[in-house]
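With the UniProt record's numbering as the guide, the letters of the sequence shown map in order to residues 1 to 441.
Before any comments, here is the structure.
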Amino acid sequence: MNVKSASWRQHLLLLMLTLFYIETFVGRQIMAVMIEPIKAEFGASDAQMGLLTGLAFAIVFALTGLSAGRLADRVSRTKLLAASALCWCIFTAISSMATGFIMLLVMRMLIAIAESPVTSSSLSLLADTYPIKHRSFAISCFTSGATISAIIALTVGAHWVEQYGWRQTLLIVSLPALITSLLFVLVFKDPRKIVGSELHLMAQAEKEANALLGFRESAKSLLKLKDYRLLIYASSIATISANAFGMWNATFLVRSHDLSLTQAGLMAGIFGGGGAAIGILLSGYLSDRIARRYGMLKLPLVGHMLGWLSIVTYLLWPKGLGDNLMLASIPFAMIFCSLASFFSVWWFSPSISLLTQIVPNNQRAFAISMQTVCITLLGLGLGPMLVGFFSDIFAGFAGVESLRFALIMTSCSTLVSIVILLRLKLYQSTRTSSASDPINI
């Protein structure tokens, strides 16, 4: 295969993986604008809606994520993604026909199972497809899907729910996944499964060398790698603040800046989601260049520091201050919201790129799935709940502004992540100082 053909296939695969990633995240985040109509139709409580939109999904995803990652290391990843897309389409479509809250909850759990192989399989494919010098940018293009989906879900999704209702919207959202499934089967091949290729020969050799490794043994072998453990700790803790901020930002704008829910959704989607999308793409581009001179962890550290300062400034910014300098109905504080979102995602692409260098090739998908499970549990499961917990505690003395202080408290998890990344940098510097082919950290 010539270089141009290989490059074309690389980018086409990246595009398909990113589109499917966007699809799945739109399905997650569009639930935020469906809360009220679903609650009204089924007579559900706020606690039940919290279970539906977050915790139930996170728990099931965590329980199945590791098995899905291990499966991705053993079977064709493109066929696994095709099956995932087909199941996702079916379960989402059935959700639109739910006759009650319990049925909808069960469908959300099944959707979590269908989604569980997506991240690990996709990132593992990109690691095998793109060389190290271009890998961070490819990963950043893929992961930008999560932020792009937030914009789509909070703007277009809200319009669809208002115009067509939540049932029709779920049905519309489900349909592209059917096309995605067909394309993964008919167009793409897992490079690890192309007989005679270098990746196929390496996979066969590693499979034979690790034939006796079971599920627990695989996990133990990865967790013995101190740099891998520290990377997972730093990534998981960083997402506590990020997911809490993403989930509660619109509510914060309603309570502390007196915006309507529609205005708040647009602000959170455009400024928050837009800033994050640009930040994650730029970080991937910069990471491939900065890593050669300053190491892979330089960008995550700088991003965490600037992101934390920006989010604290945003949360402390008084209502109305500087609003006359902005366009009508746009709070001046949204500038800091954009900056916080822009910097806070700088850690992701370099961290995944570093992870793919740390772990054995035949355990990449499983290693990524372990990280994804921890991120989902702490970020999606714990982060928003912590904000609610702190907000209830602070309500006694802060009143309506209790959410402001709860978000500030939760954002401090970023500082813990910075400390862990510094430990990782020190550990790898010490370990690789005598290595013949060290990882540039």
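In this text, a Cβ means the ideal position worked out from N, Cα and C, and glycines have one as well.
**Study point:** Spatial neighbours of residue 174 in its chain, beta-carbon cut-off 7 angstroms, leaving aside the 5 residues before and after
**Key:** Position 174 of the sequence shown holds residue 174. Close CB contacts of residue 174 within its chain, under the 7 angstroms cut and outside five residues either way in sequence, are with 89, 92 and 93 (chain order).
Point to revise | Span separating the alpha-carbon of residue 34 from that of residue 63 | key: Reading the sequence shown from its first residue, position 34 is the one you call residue 34. Reading the sequence shown from its first residue, position 63 is the one you call residue 63. One C-alpha to the other measures close to 26 angstroms.
Check your understanding: Between the C-alpha atoms of residue 195 and residue 312, what's the straight-line distance to the nearest angstrom?
Key -> Here the question's residue 195 lines up with position 195 in the sequence shown. Here the question's residue 312 lines up with position 312 in the sequence shown. Residue confidence for residue 195 is low, a pLDDT of 45 falling below 50, so the modelled location carries little weight; the figure read from the coordinates is stated next. Residue 195 and residue 312 have their C-alpha atoms some 53 angstroms from each other.
Review point. Taking the alpha helix (DSSP H) that residue 389 falls in, what are its first and last residues?
Key: The residue given as residue 389 occupies position 389 in the sequence shown. Where residue 389 is concerned, the enclosing alpha helix (DSSP H) stretches over 383–398.
Check your understanding: Start and end of the alpha helix (DSSP H) containing residue 72?
Key -> Indexing the sequence shown from 1 puts residue 72 at position 72. Counting along the chain, the unbroken alpha helix (DSSP H) around residue 72 starts and ends at 56–72.
Review point. Around the Cβ of residue 371, are there at least 16 other Cβ atoms within 10 angstroms (buried) or fewer (exposed)?
Key: Within the sequence shown, residue 371 is the residue found at index 371, counting from 1. Buried: at least 16 other Cβ atoms inside 10 Å.
Review point. Residues in its own chain within less than 6 angstroms of residue 349 by CB, not counting five upstream and five downstream?
Key: Sequence index remark: in the sequence shown, residue 349 carries index 349 (1-based). Once the five neighbours on either side are set aside, the close Cβ partners of residue 349 are 136, 139, 140, 283, 284 and 287.
Exercise for review: Specify the secondary structure class of residue 9 as computed by DSSP and reduced to three states.
Suggested key: Taking the first residue of the sequence shown as position 1, residue 9 is located at position 9. DSSP places residue 9 within a helical segment (H, G or I) once states are collapsed to three.
Review point. Are there 16 or more other CB atoms within 10 angstroms of the CB of residue 390, so buried, or fewer, so exposed?
Key: Counting from one through the sequence shown, the residue named residue 390 turns up at place 390. Looking at its Cβ environment, which holds 16 or more other Cβ atoms inside 10 Å, residue 390 is buried.
Exercise for review: Report the three-state DSSP secondary structure of residue 322 (helix, strand or coil).
Suggested key: If you number the sequence shown from 1, residue 322 lands on position 322. If DSSP states are grouped into helix, strand and coil, residue 322 belongs with coil.
Point to revise | For residue 99, the first and last residue of its enclosing alpha helix (DSSP H) | key: Counting from one through the sequence shown, the residue named residue 99 turns up at place 99. Looking at the DSSP string, residue 99 is not in any alpha helix (DSSP H), and its letter there is neither H nor E.
Check your understanding: Straight-line CA distance for residue 235 to residue 147?
Key -> Taking the first residue of the sequence shown as position 1, residue 235 is located at position 235. Taking the first residue of the sequence shown as position 1, residue 147 is located at position 147. Rounded to whole angstroms, residue 235 to residue 147 spans 17 angstroms at the Cα level.
Check your understanding: Given that a residue counts as buried once 16 or more other Cβ atoms are within 10 Å of its Cβ, and exposed if not, what is residue 115?
Key -> Within the sequence shown, residue 115 is the residue found at index 115, counting from 1. Classification for residue 115: buried.
Point to revise | Which listed residue (157, 228, 318 and 216) has its alpha carbon closest to that of residue 334 | key: Taking the first residue of the sequence shown as position 1, residue 334 is located at position 334. In terms of Cα proximity to residue 334, the closest of 157, 228, 318 and 216 is 318.
**Study point:** Residue from 178, 404 and 158 whose Cα sits closest to the Cα of residue 169
**Key:** Position 169 of the sequence shown, counted from the first residue, corresponds to residue 169. The residue with the shortest Cα to Cα distance from residue 169 is 158.
Point to revise | Range of the contiguous alpha helix (DSSP H) that encloses residue 258 | key: Here residue 258 corresponds to residue number 258 of the sequence shown, with the count starting at 1. Premise fails: residue 258 is in no alpha helix (DSSP H) and is neither H nor E.
Review point. Where residue 384 and residue 118 are concerned, what is the direct C-alpha to C-alpha distance, given to the nearest angstrom?
Key: Here residue 384 is taken as the residue at index 384 of the sequence shown, counted from 1. Here residue 118 is taken as the residue at index 118 of the sequence shown, counted from 1. Near 23 angstroms, if we compare the C-alpha coordinates of residue 118 and residue 384.
Review point. Comparing alpha-carbon positions, which option in 291, 51 and 75 lies nearest residue 107?
Key: Here the question's residue 107 lines up with position 107 in the sequence shown. Answer by Cα proximity: 51.
Check your understanding: Taking the runs of the alpha helix (DSSP H) that are 4 residues or longer, which of them lie wholly in the segment 285–346?
Key -> Uninterrupted alpha helix (DSSP H) stretches at least 4 residues long and entirely within the segment 285–346 occur at 298–316 and 334–344, given in chain order.
Check your understanding: At which residues does the alpha helix (DSSP H) containing residue 162 begin and terminate?
Key -> By 1-based counting over the sequence shown, the position of residue 162 is 162. Start and end: 132–186.
Review point. At a Cβ threshold of 8 angstroms, is residue 238 touching chain C?
Key: Judged by its chain identifiers, the structure shown contains no chain C, having just a single protein chain.
**Study point:** Inter-residue spacing [alpha-carbon to alpha-carbon] between residue 338 and residue 410
**Key:** Locating residue 338 in the sequence shown gives position 338, where the first residue counts as 1. Locating residue 410 in the sequence shown gives position 410, where the first residue counts as 1. The alpha-carbon atoms of residue 338 and residue 410 are separated by roughly 18 angstroms.
**Study point:** Distance, residue 32 Cα to residue 269 Cα
**Key:** Here residue 269 corresponds to residue number 269 of the sequence shown, with the count starting at 1. Here residue 32 corresponds to residue number 32 of the sequence shown, with the count starting at 1. Cα to Cα, residue 269 sits roughly 12 angstroms from residue 32.
Review point. Since residue 267 and residue 253 are thought to touch, with beta carbons under 8 angstroms apart, how far apart are those beta carbons, to the nearest angstrom?
Key: In the sequence shown, the residue the question calls residue 267 occupies position 267. In the sequence shown, the residue the question calls residue 253 occupies position 253. A Cβ-Cβ distance of about 6 angstroms is found for the pair residue 267 and residue 253, placing them in contact under the 8 angstroms criterion.
Point to revise | Spatial distance of residue 304 from residue 237 (CA atoms) | key: Numbered from its first residue, the sequence shown carries residue 304 at position 304. Numbered from its first residue, the sequence shown carries residue 237 at position 237. Cα atoms of residue 304 and residue 237: separation of roughly 12 angstroms, rounded to the nearest angstrom.
Practice item. Compare the Cα-Cα distances from residue 328 to each of 160, 259, 226 and 376 and report the closest residue. Key: Walking along the sequence shown from the start, residue 328 turns up at place 328. Minimum Cα distance to residue 328 is reached at 259.
Review point. Once you ignore the five residues that flank residue 425 on each side, which residues in its own chain have a CB closer than 8 angstroms to its CB?
Key: Counted from its first residue, the sequence shown places residue 425 at position 425. 295, 297, 301 and 441.
**Study point:** Local conformation of residue 374 per DSSP, three classes
**Key:** Within the sequence shown, the letter at position 374 stands for residue 374. In the structure shown, residue 374 falls within a helical segment according to DSSP collapsed to helix, strand and coil.
Point to revise | Check whether residue 299 and residue 142 have beta carbons under 8 angstroms apart | key: In the sequence shown, counting from the first residue as 1, residue 299 sits at position 299. In the sequence shown, counting from the first residue as 1, residue 142 sits at position 142. Their beta carbons are not under 8 angstroms apart, which means residue 299 does not touch residue 142 by this criterion.
Practice item. Out of 86, 223, 358 and 10, point me to the one whose CA is closest to residue 126's CA. Key: Position 126 of the sequence shown, counting from 1, holds the residue named residue 126. For the residues 86, 223, 358 and 10, the minimum Cα distance to residue 126 belongs to 10.
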